[in-house]
Every structure is written in structure tokens, then in C-alpha cells.
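S.K.: I have a structure here, written as C-alpha cells, and I will follow up with some questions on it.
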Amino acid sequence: MKQAWIKTTLALAIGALSSQALANGLAINEHSASGMGTAFAGRSSNVLDASIVAGNPAGMSKLERREVSGGLAFIHALTDIEATGGTGSTDGDMVPFATVPFGYYVTPINDKLHFGLGLYVPFAVISDYENGHMGRYHGLNSEVEVVNLQPTLSYKINDQVSVGGGLVISRIYGKLTRSIPMGKLDPLLAGLPDGHSDVEGDDVSYGYNLGVLVDVTERLSWGLTYHSKVKYNLEGDTKVSGITAATPALGSLNTTYDAAVDITMPESVDTSVTYRLDDQWTLYGGATWTRWSRLESLVIENQTSNPVQAGVVGRVEEPLKWSDTWSFAVGTSYQLNPQWVLRAGLALDESPTNDEHRTTRIPVSDRTILSLGAGWNINRDMTLDLAYSYLKEDKGEVNQAGYNAEYENSAHGLAAQLTYRF
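Next comes the structure, spelled out in C-alpha cells:
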């Protein structure tokens, strides 16, 4: 009985750690279409527009005029599931079509100082298994979104070196559901309709970004960006329904509990180089390190004064055992003419989990991402950027109690961005 409720109370935290977007773990890369075209190679060293607020705040110093830039990324994910063990269906279409927005504003204050403001989504997940899915006791519907508002300053030290930093005001929201097997609560109730758990919570927290951008030569630029960890203290509730009241103790579980969970999103370091080969060709390369090992375990609190409920729910700690990861990207752009630039990139993105610890809500593995893009200078003041990415993921196993499956994920991403300078 207690083990079933441990799984239920973990839903809020675990659901926040899954993403079918074009970055691994829970990260979202889709902060701009201009960067997406090169698979985000050169993210911290290549200044194309105001989206550099998210990539490297120091890069704002290279923008000569005020800029407003914004757009949308669209993600269509596909999942092939081959499951053994347990009962139920194994439909793989568990990730609905998703839209990721982003927007930025940058203005020069004087020759050395710039101010910028960014609004973007660093983490998100949306997944929706069918109600009768074989893994329904580990997760059904997941909807988690983190939105960052980032006021930012950059300072140009000299013609070669700029620095920048921004405060991150971050809001997280999550709502997740799962089924509860009656037979786990009481063997005599096996075969009765499942119970249901609905968990919801949110929080606002703070972090920061720091960056440096160096023009090593007239052709070569190097950038380094640090994204701080962000500690969230989610507060919300766990609503339980559908529990068959065969005994007073079981019947008392059909209620709403005040819930709390602490999650620390890890810090990351991004570094990249941009090399302008000639007037037409530019090359990019970059690497990102993320400290996913901060997610060693999760602690969840469900509040209740009922001793029976407290004995079942209580304070729960469960390991995740995530590992630090590296991702690498290379890319290039070709200036076809003054109006058009073409882009391409390739990224390798390491998974923080493995076959031993992968879960139904986090069925991610190592990824390879291929990107294509184009930028169109409509006129001197306006640019339209488009990008397409294809993600292919290695096969990965999920081995949880009563559910063993092999997942093979892929995704198509499309992004559009409009930049206006004035």
C-alpha cells in the first residue's frame, strides 16, 4: 500500500523532468529560429539578433540599434513503444503537437551599455498516454512549463571584449495525472476499476545568466555563458479519487492533500566559437555542460493530519541518479546574397538517464539532431528567419514495476522568427 502511494506522490516531481523537445533531459533549446538553423552551434559567440539575450547576454553589445525579435517553434514528436509485462495498450502517440513561444527586446543605452529583456521557455513537457496504457500506473497526462523573464545588461569593455548578465525570474507550473491500481492498495480489490491521482503545483523563483564575448581576431569570436541553478519550492495539491471504500481507511484516501516538492534545476555552461571563413562562409562549433547530477533524489511532502493518510503518504525520498551531460554542435552558414543566408547544423545530445533509471515520464535517450535554416532580410529594418530540425533518438528501455518497454523517439521541429530594428 505504501509503495503505491510513494509512486503517486512522486508524480509532481518526476513529471517535471521529461521533454520531447529538441534538447535532452528537461531542457528546451527552441529560443530562436536563427540559432535553430545551425543546431545552436555558436549559441554564445554568434550575434544575429536580440535572441542573444538568452544565448549570451554579453552579445547585446554588438547590436547597433533597438531590436524587437520574437517567434514560435512547433514540435511534432513520434514515439514507438514495444512493451512487455503489465496489461493495457501500447499506443505510441503520447506527445501532443506542441508550440514554444519566445520574444526579446534590446536597446542601446550608450556606446558601451545595452539593456535587454527576454521571455522564453527553458523547460517544458506535454505528454498524454491513453487511459488504458500499460504504463498508466507510472504516468498518464503530464503538463509542465517553465517560463523565464530575463532583464539583462551588457557592457562593452573595449572593441574586443564585452560582458553581460541578467536576472532570471522563473515561474514553473505542473499538472500531472496517473492511475492507481486497486490491487496494490488491497489484494482483495484486484480487478476493480483504477483510482486516479491528479497533482498540480507552481512556484516563482530566481536565478541569473552571465556571459563574456571576445573577438579573438577579426574573423574569430569566442563566447562563454553561465546559466545558474534555480531552486523551486512547488506548492499545490494532490487530488485522489476513485478509491473503492472497502474499508474506512481506504475511503479516507479520496481527498485533496496540500503538496510540496523542492526541485533544483541545474546550472549549465555553454561555450562556442564563430569563425568567418570569408564574406560568404561562416563556421560554428559549441559545447554545453549541464549538471544534471543535482537530481540525485527527490523529496516530496504531502500534508495531512489524518494518521492513516500520513502513514501512507508522509515524507518520501526516492533516488533518480541522473548524471552530468555534454552536448556538442557544429554548423555553418552561407551568405547567398545580401538578402538571403542559408544555415545547417548537427548536434549530439547526451541523455542524463539510462536503461536502469529511465521512467515512463522520462523515456529519453542519446539524441542526434540535424537542422536546416534560412534568413531573409526583407529590408534594412526587418528579417525573417525559418528553421527545421529533425531529431532521432537511440532506443531506450523503461523497466519499472509491472511495466517493461523499449522506446524509440523522434521529432520534427519548425520555427519562425521575425526581427524588427528601429
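Numbering (mature numbering (1 follows the signal peptide of the UniProt record, and there is no 0)), first residue to last: -23 to -1, 1 to 399. A virtual CB, placed ideally from N, CA and C, is assigned to each residue, including glycine. The model shown is predicted, which means the values in this text are computed figures rather than measured ones.
1. Ends of the beta strand (DSSP E) at Ala306?
2. Helix, strand or coil, according to DSSP, for Lys133 in the structure here?
3. Assuming Thr221 and Leu166 form a contact by the criterion Cβ under 8 Å, report the distance between their Cβ atoms to the nearest whole angstrom.
4. In three-state DSSP terms, what is Gly62?
5. What residues in its chain sit with their C-beta under 6 Å from that of Asn386, if we drop five residues either side in the sequence?
6. With burial defined as no fewer than 16 other Cβ atoms inside 10 Å of the residue's Cβ, what is the status of Ile134: buried or exposed?
7. Are the beta-carbon atoms of Trp303 and Trp266 separated by less than 8 Å?
8. What first and last residue would you give for the alpha helix (DSSP H) that runs through Ile29?
9. For Lys372 and Glu333, I'd like the C-alpha separation in whole angstroms.
10. Does the Cβ-Cβ distance between Ser249 and Gly200 come in under 8 Å?
11. DSSP three-state label for Met13, please.
12. Helix, strand or coil: which one does DSSP assign to Glu342?
13. Identify, in the order they occur along the chain, each residue of the same chain with its Cβ nearer than 7 Å to the Cβ of Pro128, setting aside the five sequence neighbours on each side.
14. Any idea which residues DSSP pairs Arg155 with across the strands?
15. So what does Pro85 bridge to, in DSSP terms?
16. Three-state secondary structure (DSSP) at Ala35?
17. Quick check: the stretch 31 to 44 against the stretch 67 to 75, are there 3 or more CB pairs under 8 Å?
18. For Tyr106, count neighbouring C-beta atoms within 10 Å of its own C-beta (all shown protein chains included) and say buried if the count is 16 or more, exposed if not.
19. When you compare only the Cα positions, how much space is there between Gly262 and His204?
20. Could you give the C-beta distance for Leu211 and Asp179, rounded to a whole number, given that I count them as a contact under 8 Å?
21. With distances taken from CA atoms, which of Tyr209, Lys208, Ser342 and Leu230 is nearest Ser218?
22. Determine the DSSP secondary structure at Lys216, reduced to helix, strand or coil.
M.R.: Reading from the atomic positions:
1. Here residue 306 refers to the residue found at position 329 of the sequence shown. First-last of the beta strand (DSSP E) with Ala306: Thr302 to Gln312.
2. Taking the first residue of the sequence shown as position 1, residue 133 is located at position 156. Of the three classes helix, strand and coil, the one that applies to Lys133 here is strand, per DSSP.
3. On the sequence shown, position 244 is the one that residue 221 refers to. On the sequence shown, position 189 is the one that residue 166 refers to. Thr221 to Leu166, Cβ: 6 Å. Contact.
4. Here residue 62 corresponds to residue number 85 of the sequence shown, with the count starting at 1. Of the three classes helix, strand and coil, the one that applies to Gly62 here is coil, per DSSP.
5. Translated into the one-based positions of the sequence shown, residue 386 becomes position 409. Thr56 and Glu370, listed in sequence order.
6. Taking the sequence shown and counting its residues from 1, one reaches residue 134 at position 157. It is exposed - the Cβ of Ile134 has fewer than 16 other Cβ atoms within 10 Å.
7. Position 326 of the sequence shown holds residue 303. Position 289 of the sequence shown holds residue 266. Yes, these two residues count as a Cβ contact at 8 Å.
8. The residue you call residue 29 lines up with position 52 of the sequence shown. It spans Ile29 to Gly32 - the alpha helix (DSSP H) in which Ile29 sits, taken as one unbroken run.
9. On the sequence shown, position 395 is the one that residue 372 refers to. On the sequence shown, position 356 is the one that residue 333 refers to. Distance between the alpha carbons of Lys372 and Glu333 is about 13 Å.
10. By 1-based counting over the sequence shown, the position of residue 249 is 272. By 1-based counting over the sequence shown, the position of residue 200 is 223. Yes; because the gap between Cβ atoms is below 8 Å, this pair is in contact.
11. To locate residue 13, count along the sequence shown from 1; it is residue 36. Here Met13 sits in helix by DSSP.
12. Taking the first residue of the sequence shown as position 1, residue 342 is located at position 365. Per the sequence presented here, residue 342 reads as Ser, with Glu not at that position. Ser342 falls in the coil class under three-state DSSP.
13. In the sequence shown, the residue the question calls residue 128 occupies position 151. The residues are Leu94, Gly143 and Leu144.
14. Residue 155 sits at position 178 when you count from the first residue of the sequence shown. Partner(s): Ser174.
15. Here the question's residue 85 lines up with position 108 in the sequence shown. Partner(s): His91.
16. Your numbering for residue 35 matches position 58 in the sequence shown. Helix, per DSSP.
17. no
18. Locating residue 106 in the sequence shown gives position 129, where the first residue counts as 1. Buried, because 16 or more other Cβ atoms sit within 10 Å of the Cβ of Tyr106.
19. Position 285 of the sequence shown, counted from the first residue, corresponds to residue 262. Position 227 of the sequence shown, counted from the first residue, corresponds to residue 204. Answer to the nearest angstrom: the Cα atoms are 19 Å apart.
20. Within the sequence shown, numbered from 1, the residue matching residue 211 stands at position 234. Within the sequence shown, numbered from 1, the residue matching residue 179 stands at position 202. With a Cβ gap of about 6 Å, Leu211 and Asp179 count as contacting.
21. Position 241 of the sequence shown, counted from the first residue, corresponds to residue 218. It is Leu230 whose Cα lies nearest to the Cα of Ser218.
22. Locating residue 216 in the sequence shown gives position 239, counting from the first residue. Of the three classes helix, strand and coil, the one that applies to Lys216 here is strand, per DSSP.
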